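The sequence shown lines up with residues 1 to 605 when you count with full-length UniProt numbering.
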Amino acid sequence: MMSRGPFEDAIAEKVFAPGTLLELREEVIAFPDKHAPHHEGVKYKVFPNAPQTLVDVFEIPKAKGVMENEFLVFEDDRRTFTQVYAEAAALGDVLVNGFGVQRGDRVCAVSKNRIEYLVAFIAVTSVGACFVPMNSWWKTKELEYGLENSGTKVVICDADRYKFLEPILDKLDTVEKVLLLNGPGTDAFAPHAKRIAYDDAVAKHQGATMPPFTASKDENALIMYTSGTTGHPKGVVMTHRSICHALFSAIAHAVLNKTVAAVKAGITPTAEEPTPEELSKAGVLLNVPLFHATGLHAVCMISIVTCRKIVMMSKWNPERALQLVERERITAFTGVPTMVLDMMNHPNFSKYDTSSLEAVGGGGAAPPSTITKDIGKNFKNAAPTQGFGMTETNALSVLTDGDAYCAKPTSCGRAVPTLLLAIWDDNDKPVPTGQKGNVMVKSASVMKEYWRKPEATADTITRDGWLRTGDVGHLDEEGYLYLGGRTKEIIIRGGENISCVTVEDGVYQHPGVAECAAIPVPHPSLGEEVGIVVFPKNGAKLTLEEIVAKCSDLAKFECPTHLYLWPEQLPRGATGKIVKRDIRQIIEDKKLLSEQQKQAPASKL
Numbered sequence: 001m002m003s004r005g006p007f008e009d010a011i012a013e014k015v016f017a018p019g020t021l022l023e024l025r026e027e028v029i030a031f032p033d034k035h036a037p038h039h040e041g042v043k044y045k046v047f048p049n050a051p052q053t054l055v056d057v058f059e060i061p062k063a064k065g066v067m068e069n070e071f072l073v074f075e076d077d078r079r080t081f082t083q084v085y086a087e088a089a090a091l092g093d094v095l096v097n098g099f100g101v102q103r104g105d106r107v108c109a110v111s112k113n114r115i116e117y118l119v120a121f122i123a124v125t126s127v128g129a130c131f132v133p134m135n136s137w138w139k140t141k142e143l144e145y146g147l148e149n150s151g152t153k154v155v156i157c158d159a160d161r162y163k164f165l166e167p168i169l170d171k172l173d174t175v176e177k178v179l180l181l182n183g184p185g186t187d188a189f190a191p192h193a194k195r196i197a198y199d200d201a202v203a204k205h206q207g208a209t210m211p212p213f214t215a216s217k218d219e220n221a222l223i224m225y226t227s228g229t230t231g232h233p234k235g236v237v238m239t240h241r242s243i244c245h246a247l248f249s250a251i252a253h254a255v256l257n258k259t260v261a262a263v264k265a266g267i268t269p270t271a272e273e274p275t276p277e278e279l280s281k282a283g284v285l286l287n288v289p290l291f292h293a294t295g296l297h298a299v300c301m302i303s304i305v306t307c308r309k310i311v312m313m314s315k316w317n318p319e320r321a322l323q324l325v326e327r328e329r330i331t332a333f334t335g336v337p338t339m340v341l342d343m344m345n346h347p348n349f350s351k352y353d354t355s356s357l358e359a360v361g362g363g364g365a366a367p368p369s370t371i372t373k374d375i376g377k378n379f380k381n382a383a384p385t386q387g388f389g390m391t392e393t394n395a396l397s398v399l400t401d402g403d404a405y406c407a408k409p410t411s412c413g414r415a416v417p418t419l420l421l422a423i424w425d426d427n428d429k430p431v432p433t434g435q436k437g438n439v440m441v442k443s444a445s446v447m448k449e450y451w452r453k454p455e456a457t458a459d460t461i462t463r464d465g466w467l468r469t470g471d472v473g474h475l476d477e478e479g480y481l482y483l484g485g486r487t488k489e490i491i492i493r494g495g496e497n498i499s500c501v502t503v504e505d506g507v508y509q510h511p512g513v514a515e516c517a518a519i520p521v522p523h524p525s526l527g528e529e530v531g532i533v534v535f536p537k538n539g540a541k542l543t544l545e546e547i548v549a550k551c552s553d554l555a556k557f558e559c560p561t562h563l564y565l566w567p568e569q570l571p572r573g574a575t576g577k578i579v580k581r582d583i584r585q586i587i588e589d590k591k592l593l594s595e596q597q598k599q600a601p602a603s604k605l
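So, in structure tokens, the structure goes:
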């Protein structure tokens with residue numbers, strides 16, 4: 001663990017001492033399938049007393065006696081831990097004894113947020129199979145790639161996604177069964193031999209016990225797809241151990257901070273466990289998609305560990321979020337900064353009682369530095385929180401909250417226990433404190449590999465286990481991380497990663513485009529929007545609307561919202577590649593505006 005200064009280091013030494021629940025020690029991780037040579041022989045800090053598999057995590061609510069507490073709430077559907085676990089056991093029996101799913105088989109979920117999504121996650125990982133959540137914005141082309149790349153055996157989807165799956169279902173050799181979730185539109189599809197109604201399948205196995213877990217802690221539990229610079233999404237492979245260590249690190253971070261605060265205040269730290277009744281009063285709003293690590297890890301899995309109620313939203317709506325905070329007495333809100341701003345800026349904000357909130361914040365994109373003051377002003381009882389993480393780190397890597405965040409509002413925090421954080425130059429050498437460089441992390445919670453992409457894995461994880469985050473930043477003397485840009489070609493719009501290459505491929509479908517380059521355009525609430533710089537063919541007169549109309553393969557959130565018409569060939573480097581850094585510099589130096597910015601009122605620029 002990085003030094004936090006003599007005072008906090010002394011406390012940390014006691015909190016993580018041998019023989020304690022949070023004992024830290026070094027251990028070599030040995031993956032059974034030998035697909036991760038970059039991890040072989042590398043020592044990592046581990047929690048020997050942490051849950052070793054997700055099955056262990058799912059046992060925590062039982063151990064804490066909260067099984068009759070409410071666990072999941074979605075619209076008018078309210079279920080206890082007992083009810084959710086019973087349905088998960090029935091689904092697990094369907095998968096193993098009905099469909100022949102075995103250890104390591106991939107089972108995909110592609111749906112909007114709903115209770116069955118989390119039921120599927122619990123069931124799939126409990127039987128030793130690998131859960132594959134896919135982006136619910138994806139259309140047929142992207143789904144085909146993801147399902148073929150993952151070698152998915154069973155798909156669980158809703159009607160809105162099945163309409164994109166149906167045309168390619170017969171082409172997907174590995175897909176043997178599709179469980180269609182109940183909902184509007186399910187009766188509109190023609191019968192298909194592979195398709196079975198989810199409700200019917202689960203009902204037939206009602207009362208079944210969960211089949212035995214057959215995997216080990218270092219086997220694959222999850223593959224999450226993330227946009228990359230190569231255009232095709234990459235499957236990030238997470239093991240049971242890596243997920244459990246990310247969760248336990250976040251808990252350990254909170255325990256350490258609470259202990260430090262108590263010692264500073266002259267209070268003896270207490271280890272009293274909250275009662276089931278006290279735990280029933282804690283609730284979190286799930287306002288981000290479950291195919292994101294923020295939603296699945298930072299909201300849902302942490303909530304299972306802490307036995308909190310999860311109130312689900314299927315689509316972001318700031319006023320609906322405020323209604324749910326008031327109705328459900330939500331205590332924690334975790335989302336991208338855009339969502340926090342949306343709520344605070346909503347004209348009806350003052351009409352709702354948000355006094356139950358104790359923590360407001362999240363991650364996924366850089367927040368404005370004023371957000372800590374805004375949260376303190378608008379949410380009277382809530383501490384601001386912020387973090388930095390990636391799908392590749394199981395989301396939970398760098399965290400800050402409360403007074404520490406207010407004191408350093410431009411920082412995203414300090415590394416959680418088990419995570420080493422460093423800043424390297426382009427030659428992989430450490431840089432002095434305060435100097436910008438490439439942000440590197442090393443931890444037992446880092447991904448195992450990119451699924452079936454050994455070259456991309458080798459480019460991302462060094463031989464001694466350091467992960468290249470693709471971000472540029474610096475550390476201060478107290479170990480706080482400050483981000484200052486990215487080395488990867490992705491745009492983060494409201495927490496959603498968008499591949500520049502994917503956008504460019506879509507724009508090139510327009511016959512009037514000679515050259516194009518996708519770039520981020522700053523946005524006050526979304527963080528970034530998609531801009532496209534276009535050099536037209538033969539002086540063609542192009543508009544954003546007609547370009548977007550040709551981008552049929554792009555999801556709505558990937559489509560450009562800003563068009564820069566370039567009068568000449570785009571800047572190129574010595575190898576002939578378009579140099580986006582030069583494009584952005586020209587736009588900044590000349591204060592160039594997109595066609596949309598030119599038309600906007602001056603007050604909105």
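Here a beta-carbon is modelled for each residue, glycine too, at the ideal position from N, C-alpha and C.
Computed from a predicted structure; not experimentally measured.
- Bridge partners of G235 according to DSSP: Y225.
- G235 is the residue among F388, G235, I532 whose C-alpha sits nearest the C-alpha of K453.
- Remark: C-beta atoms of F58 and S126 approach each other more closely than 8 Å.
- Considering only P233, Y480, K217, the residue with the shortest C-alpha distance to L143 is P233.
- Within its own chain, the residues whose Cβ lies closer than 7 Å to the Cβ of Q206, once the five positions on either side in sequence are excluded, are A90, listed in chain order.
- In the assembly as shown, E40 is an exposed residue. Its beta-carbon has fewer than 16 other beta-carbons within 10 Å.
- Rounded to whole angstroms, the gap between the alpha carbons of S150 and F131 is 10 Å.
- Straight-line measurement puts the Cα of Q83 at about 32 Å from the Cα of G389.
- The C-alpha of C108 is placed about 9 Å away from the C-alpha of G146.
- Inclusion of T331 and A298 in the CB contact set at 8 Å is not warranted, their separation being larger than that value.
- The beta carbon of E8 lies closer than 7 Å to those of V260 in the same chain, with the five residues before and after it left out.
- A Cβ-Cβ distance of about 16 Å is found for the pair G527 and P409, leaving them out of contact under the 8 Å criterion.
- The alpha carbon of A188 has as its nearest neighbour, out of K171, R327, D158, the alpha carbon of D158.
- Here the C-alpha atom of A265 lies approximately 11 Å from the C-alpha atom of K258.
- The straight-line gap separating the alpha-carbon atoms of F47 and A456 is approximately 29 Å.
- Note on Q585: under 16 other CB atoms within 10 angstroms of its CB, so exposed under the neighbour-count rule.
- Of the candidates A221, K64, T469, K64 places its Cα closest to the Cα of E278.
- Residue range 318–328 is occupied by the alpha helix (DSSP H) that includes R327, with no beta strand (DSSP E) assigned at that position.
- Per DSSP, the beta-bridge partners of V521 are E529.
- For G413, the closest alpha carbon among the candidates A555, S350, I423, D401 is that of D401.
- F131 is bridged by DSSP to V107, L222.
- In the three-state scheme derived from DSSP, where H, G and I count as helix and E and B as strand, L396 is classed as coil.
- Between M224 and A293, the C-beta spacing is below 8 Å.
- For the pair V398 and A252, the CB atoms are not nearer than the 8 Å cut-off.
- Annotation for R161: V110, S111, S136 place their beta carbon closer than 7 Å to its own, counting only its chain and skipping 5 residues before and after.
- Residue pairing from DSSP places E496 in a beta bridge opposite R493.
- Following the DSSP letters along the chain, one finds M440 inside the beta strand (DSSP E) bounded by residues 437–442.
- Following the DSSP letters along the chain, one finds H245 inside the alpha helix (DSSP H) bounded by residues 240–264.
- The beta carbon of V305 sits closer than 7 Å to the beta carbons of V57, I60, L247, I251 from its chain, once the five residues preceding and following it are set aside; these are given in chain order.
- Using a Cβ-Cβ distance cut-off of 8 Å, the segment 284–291 and the segment 112–119 are in contact, since at least three pairs of beta carbons, one from each stretch, lie closer than that value.
- In the three-state reduction of the DSSP assignment, G335 falls in the strand class.
- Taking A215 as the centre and dropping the five residues before and after it, the same chain places the C-beta of R103, G128 closer than 6 Å to its C-beta, in chain order.
- In this structure, DSSP gives F164 a helical state, which the three-state scheme calls helix.
- DSSP places C307 outside both helix and strand once states are collapsed to three, so it counts as coil.
- Listed as beta-bridge partners of F74 by DSSP are D77, M312.
- Beta-bridge annotation (DSSP): G98 is not paired with any residue.
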